[in-house]
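Engineer: In the order they appear, the protein sequences are chains U and V. All letters in the first sequence, in the order written, are residues 370 to 482 by our numbering. All letters in the second sequence, in the order written, are residues 347 to 455 by our numbering. We treat Cβ as the ideally placed atom computed from N, Cα and C, and that holds for glycine. The structure that follows is given in the form of structure tokens.
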Amino acid sequence: NAGVTQTPKFRVLKTGQSMTLLCAQDMNHEYMYWYRQDPGMGLRLIHYSVGEGTTAKGEVPDGYNVSRLKKQNFLLGLESAAPSQTSVYFCASSYARGVTEAFFGQGTRLTVV
Amino acid sequence: DAKTTQPTSMDCAEGRAANLPCNHSTISGNEYVYWYRQIHSQGPQYIIHGLKNNETNEMASLIITEDRKSSTLILPHATLRDTAVYYCIVRVSNNDMRFGAGTRLTVKP
Chain U
370 NAGVTQTPKF
380 RVLKTGQSMT
390 LLCAQDMNHE
400 YMYWYRQDPG
410 MGLRLIHYSV
420 GEGTTAKGEV
430 PDGYNVSRLK
440 KQNFLLGLES
450 AAPSQTSVYF
460 CASSYARGVT
470 EAFFGQGTRL
480 TVV
Chain V
347 DAKTTQPTSM
357 DCAEGRAANL
367 PCNHSTISGN
377 EYVYWYRQIH
387 SQGPQYIIHG
397 LKNNETNEMA
407 SLIITEDRKS
417 STLILPHATL
427 RDTAVYYCIV
437 RVSNNDMRFG
447 AGTRLTVKP
């Protein structure tokens, strides 16, 4: 049981390049989330998904797109990376019903130069 | 979801109890209080949650005031490995889970 797995773990992009971060969970969770964390700050919600085929905006969605084509995967895309998107990105998942905990991946450290 | 207020940082001596406060004065009747922690640069880890009653598990205890406007997370015997940022979150459902800045707890030898 791997839990929540994020790939890649590290990446350096040039300004204007695009990339996709993958989040995979094997717990059959309905809900999935993408966060970013800048140095010395708390996590900020980018986008989330309450089920396959559905996504919603969080606090800081601009510059990012997401897709949830399969229940176990939640993709975060950067179409044209900017230095302001240099951050650590965390993915999480949880069950939809009941009062349940969320499980987090180990993060992707992205640097845009 | 209601807003939470936590101290920016706290220190605790190793082996002593760490008491981390959280204010959530606008909490509504169906909102739960959750606590997570983030050790160094790892992904956050769930600790405990509660609605009205005090809760205890193998990691910590959660004390919620009778009016539910504040709560305290208690780590009964803090160790150096408990040094982390602790987040208090108030929410109804799992839809839109947002974190604040948290409290940076430093456990000192």
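Chain V beta carbons: is any one of them nearer than 8 angstroms to that of U/Tyr458?
Structural biologist: By this cut-off, U/Tyr458 is not an interface position.
Engineer: Please state the DSSP three-state secondary structure of V/Leu397.
Structural biologist: In this structure, V/Leu397 counts as coil in the three-state DSSP scheme.
Engineer: Could you tell me which chain U residues have their CB closer than 7 angstroms to the CB of V/Arg444, listed as they occur along the chain?
Structural biologist: Leu414, Glu428, listed in chain order.
Engineer: Check the Cβ of U/Met396 against every Cβ in chain V and list those closer than 8 angstroms, keeping chain order.
Structural biologist: Simply none; closest approach about 13 angstroms.
Engineer: So, with DSSP's three-state summary, where would you put V/Leu451?
Structural biologist: DSSP places V/Leu451 in strand when its eight states are reduced to three.
Engineer: Name, please, each residue of chain V whose Cβ falls closer than 7 angstroms to the Cβ of U/Glu470.
Structural biologist: Near U/Glu470 (Cβ distances below 7 angstroms), the residues of chain V are Tyr392.
Engineer: How would you write the range of the beta strand (DSSP E) that U/Gln394 sits in, first residue to last?
Structural biologist: Counting along the chain, the beta strand (DSSP E) containing U/Gln394 begins and ends at 388-394.
Engineer: Got a sec, what are the start and stop residues for the beta strand (DSSP E) V/Val408 sits in?
Structural biologist: In the sequence on display, residue 408 of chain V carries Leu and not Val. V/Leu408 -> beta strand (DSSP E) spans 407-410.
Engineer: DSSP on U/Leu382, reduced to helix/strand/coil?
Structural biologist: Of the three classes helix, strand and coil, the one that applies to U/Leu382 here is strand, per DSSP.
Engineer: How would you call V/Leu366, buried or exposed, if buried means at least 16 neighbouring beta carbons within 10 angstroms?
Structural biologist: Buried, because 16 or more other Cβ atoms sit within 10 Å of the Cβ of V/Leu366.
Engineer: If I'm right that U/Val457 touches U/Thr480 with Cβ under 8 angstroms, what's the distance once you round it to whole angstroms?
Structural biologist: At roughly 10 angstroms, the Cβ-Cβ gap does not stay under 8 angstroms, so U/Val457 and U/Thr480 are not in contact.
Engineer: If you run the structure through DSSP and keep just helix, strand and coil, what is V/Leu426?
Structural biologist: V/Leu426: helix per DSSP, three-state reduction.
Engineer: Considering only the beta carbon of each residue, do U/Tyr494 and U/Ile415 sit closer than 8 angstroms?
Structural biologist: Missing from the structure shown is residue 494 of chain U; chain U here goes from 370 to 482 and no further.
Engineer: Are the C-beta of V/Ala364 and some C-beta of chain U separated by less than 8 angstroms?
Structural biologist: Not closer than 8 angstroms to any Cβ of chain U, the Cβ of V/Ala364 fails to qualify, so no.
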